[in-house]
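Colleague: Before we start, here is the structure in question, set down as structure tokens.
In the numbering used here, the protein residues as written are 1 to 652.
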């Protein structure tokens, strides 16, 4: 796409050069007089600045970042438009197999037009998507280790067996008949008719979908929500990798680009929070600097933590420092709370979540958010704006955290409406009163009219000042025309989970927190363990995402056995394996447990499904949505209040 923009820019430049050559005297002309690079620069800037296909990277968490880099779009220049795209274009087609994920796509008007590259798919030099298959030897009918990448039209000529067809040690098929695909048909055929075999059961789905355990037990609509909501999980202060994973967590974190990888093998010689030094085998020293508490594109905390110790041996490409939402090199988007499927005093109604105060107190779902605010001092028609501490009609109390230049100090705690950068703008000259003329005569120019245009903390934006950056023309910083000085202020907030925040599991089982209950009032297990979260049992049957129930039981077994479990999609634990693990963990044969009411100590009437499920806090937080106004801006034409929080409106 970029090459095409260059082509457009260069062809425009060529036209300009030809025109100038025809006008000017060829004997005296210099290349500088002929060539103007502006058309090339303009076309590149236009592409990166305003093209539909040039997007601001989603940096909510590493999975969101990786998925955004692997996105496929049917929209944009030379593509479809939303209104013209019918149902056929959006539908899943058999050629998507192994190339585009049938699950991961947006829910709104873009459904089916924006897709994700499947786990093993690659784009060939001609722009077609290829997927790998293991070749079956035509003479011996044995599966070889030779891998061929096929495009959709090449695949149409072959019969392809499923990845989990049982094989003997020599690569021959165990059974007389093999399940296979030919074009859009699923067929049963004999091994001698098979040309290729899938490389892995998860080659059908994208990375985010491959992170959902028991995907095969979920309805596809809910799996779509599960895949999409994992990308919205907020990086937590102390993230935990899932007890029940799919084995894809390490690969997703490794490939996301947010972790630090060792460039060469060697030994760790020095490690602290900000730097890791690795002595290579050839004696050279590699230094790796860690990013600490920086703001990501989504306003989340981008922080890297070392996971190696002094003297550790590391291999090339090994993760030596976790990025955000990672634990020991694995993707860690949430926590592993103890969850019960039971109603609790009607607070579970309509997918609401009942939560124990313990999760709030122990900062399990606490996250750090960093917001950036900027103020520019410009040249105006009436004179330049000035960054200053001397503001009209502002008391000394409001200036207590500002330095001598009127800029807030790092470490100050600010609330809504506090001044971050003091700034005054010259006012228009109005007819002066007698007193003002007298002041002018005494104090000269100083008493000229200015108005206070300081940068203040917006509603809901209070926190701790983390960093202040000052850019000026004198220091040689590049500023836009007419700007003399720019100040950027970073405010950090630490947000605990609270009523109104949105949470979700990996199976599309989302809800909002309705009440935070004291730990002693939560239901508890016979061994005294209080439950962390109560979910409504009504959220399971009609939605058909049974994967969450299987994950619940397997998670409890994993917790009791002290292990982590990987159950890959389409190739993971089946019901028999699950109940065997539950039995091994010493749990009841149906996975249910007697629960006692925390307030009365009496057992509940029926036994309850209790277990451990991975649960995430999503980016839709109530702090960002809460909004109130008394008076504010009005529309010029209708004189009604503006709409929305961004305009400080009254929703009308």
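Beta carbons: idealized from backbone N, C-alpha and C, even for Gly.
#1: Compare the beta carbon distance of residue 256 and residue 516 with 9 Å and say whether it is the shorter of the two.
#2: Which residues share a DSSP beta bridge with residue 369?
#3: When the distance is taken between beta carbons, is residue 370 closer than 9 Å to residue 492?
#4: Of the choices 488, 464, 628 and 523, whose alpha-carbon is the least far from that of residue 407?
#5: With a threshold of 6 Å on Cβ separation, who are the neighbours of residue 337 within its own chain once the five nearest residues in sequence on each side are excluded?
#6: Considering only C-alpha positions, which residue in the set 269, 18, 288 and 290 is nearest to residue 281?
#7: Which runs of the alpha helix (DSSP H), 4 residues or longer, sit entirely within the region 127-165?
#8: For residue 220, which of helix, strand or coil comes out of DSSP?
#9: Use the C-beta contact count for residue 384: other C-beta atoms within 10 angstroms, 16 or more gives buried, fewer gives exposed.
#10: How close, in whole Å, do the beta carbons of residue 699 and residue 513 come, if the pair is a contact with beta carbons under 8 Å?
#11: Is residue 581 closer than 9 Å to residue 557 when the C-beta atoms are compared?
#12: Taking the alpha carbon of residue 333 as the point to measure from, which residue in 64, 643 and 433 has its own alpha carbon closest?
#13: So what's residue 307 in DSSP terms, helix, strand or just coil?
#14: Can you pull the DSSP bridge partners for residue 267?
#15: Residue 599: which of 519, 643, 574 and 648 sits nearest, CA to CA?
#16: Tell me whether the beta-carbon of residue 314 lies closer than 9 Å to the beta-carbon of residue 283.
#17: Determine which residues share a DSSP beta bridge with residue 471 and list them.
#18: If you follow the alpha helix (DSSP H) that residue 577 is part of, which residue opens it and which one closes it?
#19: Which residues in the same chain have their Cβ closer than 7 Å to the Cβ of residue 428, if we skip the five residues on either side of it in sequence?
#20: CB residue 253 to CB residue 322, shorter than 9 Å?
#21: For residue 529, which residues of its own chain have a beta-carbon under 8 Å away from its beta-carbon, when the five flanking residues on both sides are left out?
#22: Reducing DSSP to helix, strand and coil, say where residue 116 ends up.
#23: Just to check my reading of the structure: residue 273 and residue 290 have Cβ atoms closer than 8 Å, yes? What is that Cβ distance to the nearest angstrom?
#24: Roughly how many angstroms lie between the CA atoms of residue 305 and residue 209, to the nearest whole one?
#25: With distance defined between alpha-carbon atoms, name the residue in 460, 39 and 390 nearest to residue 623.
#26: With distance defined between alpha-carbon atoms, name the residue in 120, 575, 319 and 226 nearest to residue 149.
#27: To the nearest angstrom, report how far apart residue 295 and residue 367 are at their CA atoms.
#28: Taking buried to mean at least 16 other C-beta atoms within 10 Å of its own C-beta, is residue 545 buried or exposed?
#29: Taking just the CA atoms, how far does residue 115 sit from residue 104?
#30: Are residue 55 and residue 75 closer than 9 Å when you measure CB to CB?
#31: Let me make sure I understand the geometry here. Which of 589, 569 and 133 has the alpha-carbon closest to that of residue 576?
#32: Return the Cβ separation of residue 536 and residue 348 in integer angstroms, given the expectation that the two are a contact with Cβ distance under 8 Å.
#33: Using 8 Å as the cut-off, can you tell me whether the region 189-200 makes contact with the region 129-144, which would need three or more C-beta pairs spanning the two stretches below that distance?
#34: So if DSSP puts residue 182 in a beta bridge, which residue, or which two residues, is it bridged to?
#35: Could you have a look at residue 451 and say whether DSSP puts it in helix, strand or coil?
#36: Applying the 10 Å Cβ sphere with the 16-neighbour rule, what's the burial state of residue 328?
Modeller: On the basis of the data shown:
#1: no
#2: 300 and 493
#3: yes
#4: 488
#5: 532, 533 and 615
#6: 269
#7: 152-155
#8: helix
#9: exposed
#10: Since the displayed the chain opens at 1 and closes at 652, residue 699 lies outside it and no answer follows.
#11: yes
#12: 64
#13: coil
#14: 279 and 313
#15: 519
#16: no
#17: 486
#18: 575-584
#19: 382
#20: yes
#21: 338
#22: strand
#23: 7 Å
#24: 27 Å
#25: 460
#26: 120
#27: 13 Å
#28: buried
#29: 6 Å
#30: no
#31: 589
#32: 4 Å
#33: yes
#34: 185
#35: strand
#36: exposed
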